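For reference, the structure is listed below as structure tokens.
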Amino acid sequence: MIDLVWLVPALPLAGAVVTLFAGKRLGKTAGWLASALVACAFVVATGVLLDLVALPAEDRTRVVHLFDWIRVRIFAANVDLLVDPLSVTMILVVTGVGTLIHVYAIGYMEGDPRFGRFFAYLNLFVSFMLLLVLADNYLLLYVGWEGVGLCSYLLIGFWFERPAAASAAKKAFVTTRIGDTAMLVGIALIFVRFGTLDFGSVLHGAGPVLAPVIPEGTATAISLLLLAGAIGKSAQVPLHVWLPDAMEGPTPVSALIHAATMVTAGVYLVVRSHVLFEASEVALVVVLIVGLVTALYAGISAIGQDDIKRVLAYSTISQVGFMFFAAGMKAYAAAIFLLVTHAFYKALMFLSAGAVMHGLADEADLKRMGGLRRAMPVTATAFSIGALALAGVPPFAGFFSKDQIVAEASRSQGVGVWALALVAAFLSALYIARLVFLAFAGERRSATEPHESPPVMIVPLGLLAVGAALSGAALGLTVDGGLARFLEPVVGAVLGAPGGLSEAALAIVSVVLALSAVAFAWIVWGSGKVDWLALRAGPWNSLQRFMNRGMYVDDAYAAVVEKPGKAAGRGLRTFDERVLDGAVNGLGALVRSLAAAGRRIQTGVVRSYAAAFLLGAVAILVYVGVRL
30 MIDLVWLVPA LPLAGAVVTL FAGKRLGKTA GWLASALVAC AFVVATGVLL
80 DLVALPAEDR TRVVHLFDWI RVRIFAANVD LLVDPLSVTM ILVVTGVGTL
130 IHVYAIGYME GDPRFGRFFA YLNLFVSFML LLVLADNYLL LYVGWEGVGL
180 CSYLLIGFWF ERPAAASAAK KAFVTTRIGD TAMLVGIALI FVRFGTLDFG
230 SVLHGAGPVL APVIPEGTAT AISLLLLAGA IGKSAQVPLH VWLPDAMEGP
280 TPVSALIHAA TMVTAGVYLV VRSHVLFEAS EVALVVVLIV GLVTALYAGI
330 SAIGQDDIKR VLAYSTISQV GFMFFAAGMK AYAAAIFLLV THAFYKALMF
380 LSAGAVMHGL ADEADLKRMG GLRRAMPVTA TAFSIGALAL AGVPPFAGFF
430 SKDQIVAEAS RSQGVGVWAL ALVAAFLSAL YIARLVFLAF AGERRSATEP
480 HESPPVMIVP LGLLAVGAAL SGAALGLTVD GGLARFLEPV VGAVLGAPGG
530 LSEAALAIVS VVLALSAVAF AWIVWGSGKV DWLALRAGPW NSLQRFMNRG
580 MYVDDAYAAV VEKPGKAAGR GLRTFDERVL DGAVNGLGAL VRSLAAAGRR
630 IQTGVVRSYA AAFLLGAVAI LVYVGVRL
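Positions in the sequence shown are counted from 1; adding 29 to them yields my numbering.
This is the structure:
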């Protein structure tokens, strides 16, 4: 099955081609075909996993050569696929969660006039992401990297007739291009330094092995340039601003971006390239700071959001921040552990939010919800399971993955960093509990009579709920659990630093913190004893607006970048029209004037021409006579 790994990206690619060109004729079958092909890719990925685990741990790396790609003098790049524990983990997440999102989308997108095209884009998105995580060299990875960027543009702006959706698609594309450009420079530096872009040649051994090969300054430059690309794709501070606006796309798109594809690509890149980061004394510190700051920033911002999908968008920014934070502490297995469990519970919550909107005629404002647990008990239960997993309440997945990262901070980073990580974890439980209570508890505030979604949308919720509930325990109760051992050939052995509290004490602190956040959210937003709407209009209005606007980061970009940029553009346009075009147009006008005067001279009368000739001859004779 390892030799057939090329089928994993090829199957959804084939689905994209078929549904793009025959989607209208296929009708609803296009959705089932697209879903079936991703499911087949999951089956192949499972077979690859079984083949891989049958091998000895030290032999679990295989390169499958497909064909030669580029040969230009000393530069060579092949289309080779890398099969190892990290890439197999990623393809299982992408295809497994992606299949459920595809099936859900059949019901969600029913009746859309571009139904077939939607599934073509969705299949293409999955195919590019699979190429990204299976690539055996940085150039092929970059092809997948740019491919998911293209698909995100197509899917976020799928309802392009809506100005907000079209604008959000452009914003996502332009913002991520900033990081992607830096990443491309980093890839070029890798080739200049190593003479190759193959992972096997660049990322060999552990960090100290690279020390004689690459100076620390070069390693720092390469790592930070790659990190810039990761920050853009994974929506980390300061290139996070595109992700909340990306909620303008259809909900299945949001689920796919946040849970299984684009946003996780940055985490994968950092973990895959961790040898380069470890060769620098600076890079991993930057990764840690970016992750922790992002987790705190997005957690605070999520509390102030009223749109149900924007709460989840800021939640994703925060949770991915935890993954970067873990990578910065060299806890790579913990970062991937959270990536896997997050895929289950974040996909579950996004699809549940889509079911809520489906049942409320596309209403997304939490102020107009409430009491949905009675009208939509299945959706309410599914969302609540995802929320408990995110909050870190045992025995759900987040308790074993996210809080493991907080525990690692206690062991290796000191009290200050651990305290900040605890605050970020508390905020996670607080904002998601607020959402649950506003949407599903209390009295109904919606004008629309809510209803449950059809089975094609409900069944994926049930399967994802099982994953959100059980994946944490299944993948390992501790950092030395099954997933960590499986990833060890790629990321190295897990080394727990001494110090900090015991495992039991850390677990108790995490649980108490999560339950305290839920209790506080109940008092303010769920109990009915506090008029939270009145609070919004009172002295807390400024704080609410501050959080709702994402701490005005977008506004700052508008003031510092957008407005001056537009003013400069208008100035250049004026210069072009009045100076550059003006000079050309002026010369043309002069020629036209001379031509008009010349037309008046050309009378067509021979006597006039003879008289002019005679006068000219006389003038010449007079001139010559005067000169003599």
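Every residue gets a Cβ at the ideal spot worked out from N, C-alpha and C, and that includes glycine. Owing to the predicted nature of the structure, the values given are computational and were not obtained by experimental measurement.
Proximity below 8 Å, CB of residue i to CB of residue j
{"i": "L493", "j": "L395", "result": "no"}
{"i": "D227", "j": "D165", "result": "yes"}
{"i": "L285", "j": "A411", "result": "no"}
{"i": "A195", "j": "F187", "result": "no"}
{"i": "M580", "j": "G136", "result": "no"}
{"i": "P255", "j": "L298", "result": "Per the sequence presented here, residue 255 reads as Leu, with Pro not at that position. Yes, Cβ-Cβ distance for L255 and L298 is below 8 Å."}
{"i": "A327", "j": "Y343", "result": "yes"}
{"i": "M358", "j": "Q442", "result": "yes"}
{"i": "M138", "j": "I332", "result": "no"}
{"i": "V126", "j": "F373", "result": "yes"}
{"i": "L253", "j": "T204", "result": "no"}
{"i": "A362", "j": "A356", "result": "no"}
{"i": "K375", "j": "T408", "result": "no"}
Coarse secondary structure for residue i, derived from DSSP in three states
{"i": "F425", "result": "coil"}
{"i": "V559", "result": "coil"}
{"i": "F96", "result": "strand"}
{"i": "F187", "result": "coil"}
{"i": "V108", "result": "strand"}
{"i": "F602", "result": "Looking at the sequence itself, residue 602 is Arg, so the reference to Phe does not match. Helix at R602."}
{"i": "D227", "result": "strand"}
{"i": "A164", "result": "strand"}
{"i": "V266", "result": "coil"}
{"i": "D391", "result": "coil"}
{"i": "V311", "result": "coil"}
{"i": "V613", "result": "helix"}
{"i": "R91", "result": "strand"}
{"i": "L33", "result": "helix"}
{"i": "V349", "result": "helix"}
{"i": "D583", "result": "helix"}
Inter-residue Cα distance where the pair is residue i and residue j
{"i": "P279", "j": "K199", "result": "16 Å"}
{"i": "L78", "j": "V296", "result": "21 Å"}
{"i": "Y171", "j": "L213", "result": "8 Å"}
{"i": "G594", "j": "H371", "result": "38 Å"}
{"i": "M276", "j": "A201", "result": "11 Å"}
{"i": "Y150", "j": "L49", "result": "8 Å"}
{"i": "G320", "j": "I434", "result": "12 Å"}
{"i": "F96", "j": "W35", "result": "11 Å"}
{"i": "G415", "j": "L55", "result": "34 Å"}
{"i": "A612", "j": "V620", "result": "12 Å"}
{"i": "G261", "j": "A65", "result": "31 Å"}
{"i": "A585", "j": "E517", "result": "43 Å"}
{"i": "D209", "j": "A625", "result": "56 Å"}
{"i": "G229", "j": "F306", "result": "16 Å"}
{"i": "P483", "j": "A502", "result": "31 Å"}
{"i": "T632", "j": "Y638", "result": "8 Å"}
Nearest neighbour of residue i, chosen from the options [CA to CA]
{"i": "G383", "options": "L341, G208, M358, V349", "result": "L341"}
{"i": "I318", "options": "F366, G445, L544, W271", "result": "G445"}
{"i": "V46", "options": "M30, L36, A63", "result": "A63"}
{"i": "S500", "options": "S330, I251, R607, F425", "result": "F425"}
{"i": "Y133", "options": "S475, L377, V634, G654", "result": "L377"}
{"i": "V570", "options": "A264, T118, G173, Q334", "result": "Checking the sequence shown, residue 570 turns out to be Asn, not Val. Of the listed residues, the one whose Cα sits closest to N570 is Q334."}
{"i": "L121", "options": "M398, V73, G224", "result": "V73"}
{"i": "A105", "options": "G60, G224, G140, F144", "result": "G224"}
{"i": "V349", "options": "A59, A453, G52", "result": "A453"}
{"i": "A450", "options": "Y652, A360, F354, T124", "result": "F354"}
Sequence-distant residues of its chain with Cβ nearer than 8 Å to residue i (five each side left out)
{"i": "A420", "result": "G427, S457, A458, I461, A462, A543, A546, V547"}
{"i": "A640", "result": "none"}
{"i": "A390", "result": "T477"}
Cut-off 7 Å between Cβ atoms - residues of its own chain near residue i, not counting five sequence neighbours on either side
{"i": "V177", "result": "F154, F157, M158, L161, T290, M291, A294"}
{"i": "V112", "result": "I31, V34, V77, L81, R91, V93"}
{"i": "R222", "result": "I243, T247"}
{"i": "V553", "result": "V559, W561"}
{"i": "T393", "result": "Position check: residue 393 holds Ala in this sequence, whereas Thr was assumed. D336, I337, K338, M386."}
{"i": "T128", "result": "S64, V67, A68, F71"}
{"i": "S381", "result": "T408, A411, F412, G415, L490"}
Any C-beta of chain C under 8 Å from that of residue i
{"i": "S283", "result": "Structure shown: chain C not included; a single protein chain is present."}
Other residues of its chain near residue i: CB distance less than 6 Å, five sequence neighbours each side excluded
{"i": "N152", "result": "P41, G44, A45, A63"}
{"i": "G215", "result": "I251, L254, L255"}
{"i": "R472", "result": "Residue 472 is actually Glu in this sequence, not Arg. Same-chain partners within the cutoff: G399, G400."}
{"i": "A259", "result": "G295, L298, V299"}
{"i": "A288", "result": "V126, A372, K375, A376"}
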